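These notes concern the structure reproduced below.
Numbering (the working numbering), first residue to last: 21 to 306.
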């Protein structure tokens with residue numbers, strides 16, 4: 021398998037739609053020339069089981085359609101990663117996240133679709149009545165999304181996500197990257213992307229396309245190159261579903277910044293710092 025590096029500009033690729041909810045919907049730029057490489061990569065992700073490497077603000081990620089088992093298995097194969105290690109999914113906006121937290125009702129026994137009566141609430145009304153995003157996370161999302169923060173959420177039933185994403189856990193991890201390129205790629209693919217760091221298992225996380233090529237040449241076909249990553253370390257992973265909230269993995273956001281948010285003053289860490297005796301990596305999605 022030949023691995024290609026494709027240069028992509030990282031600016032003027034899209035924006036969040038104004039006038040509505042902040043982060044409600046990401047709008048990809050309409051310029052077909054500026055987004056040509058991203059559209060090609062998105063089409064590849066929809067139809068192939070080999071992942072695509074792409075930059076985020078933290079590190080380069082190795083992305084695949086999070087709803088297709090064969091595609092997610094492609095991530096584990098390319099990285100040589102144990103399949104019991106859950107993955108983080110990446111979304112382009114809150115609309116996409118809510119769509120996967122509250123899947124559409126199944127058809128009735130006759131096979132007919134759910135009622136489409138005119139007085140049924142639309143997605144925005146439903147979100148306003150009962151938002152599937154737990155309230156504990158709202159202060160964090162308001163302050164740190166898009167950005168290097170991953171949150172743990174209950175896995176819906178039925179779940180649209182491939183079971184390989186969660187490795188059998190009743191929760192899944194999700195973040196919204198602060199990279200116009202990543203947001204546009206996800207929006208064009210029209211599906212969350214499972215995306216751990218784009219390196220072979222146990223190797224350092226890559227912050228440049230060349231690092232990805234050094235590790236994964238011959239294992240994947242496409243690397244999108246938009247230069248070095250700004251943050252250079254993985255996202256911070258938090259669990260707000262327990263009391264007190266827990267920081268499962270250190271990353272781009274420090275603990276004191278999380279504790280400054282309402283509801284997170286008592287947050288504790290489930291890991292030891294590298295300077296602490298007996299330090300070990302936490303078991304958290306990556």
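Note that the Cβ used here is the ideal one computed from N, Cα and C, for glycine as well. For clarity, every value in this text was computed on a predicted model and none was experimentally measured.
With respect to the C-alpha of residue 235, the residue from 249, 217, 246, 248 having the closest C-alpha is 217. Assignment of beta-bridge partners to residue 170 by DSSP yields 257. Counting only the Cα atoms, residue 171 lies some 5 Å from residue 258. Looking at the DSSP output, residue 62 shares a beta bridge with no other residue.
The closest CA to that of residue 272, considering only 73, 256, 173, is found on 256.
Distances from the alpha-carbon of residue 162 to those of 243, 110, 280, 212 put 280 closest. Look at the beta carbons and you see the region 182 to 195 touching the region 108 to 120: at least three pairs across the two are nearer than 8 Å. Sequence-distant Cβ neighbours of residue 55 in its own chain, meaning closer than 7 Å and more than five residues away, are 33, 48, 49, 204. Every unbroken stretch of the beta strand (DSSP E) spanning 3 or more residues and falling wholly within the region 54 to 104 is given here in chain order: 72 to 75, 80 to 85. The residue among 247, 190, 86 with its C-alpha nearest the C-alpha of residue 31 is 247. Between residue 97 and residue 79, the alpha-carbon positions lie close to 20 Å from each other. Annotation for residue 220: 99, 100, 235, 236 place their beta carbon closer than 7 Å to its own, counting only its chain and skipping 5 residues before and after. In the same chain as residue 45, and ignoring 5 residues on each side of it, the C-beta atoms closer than 6 Å to its own belong to 37, 113, 115, in chain order. In this structure, the CA atom of residue 181 is about 18 Å from the CA atom of residue 102.
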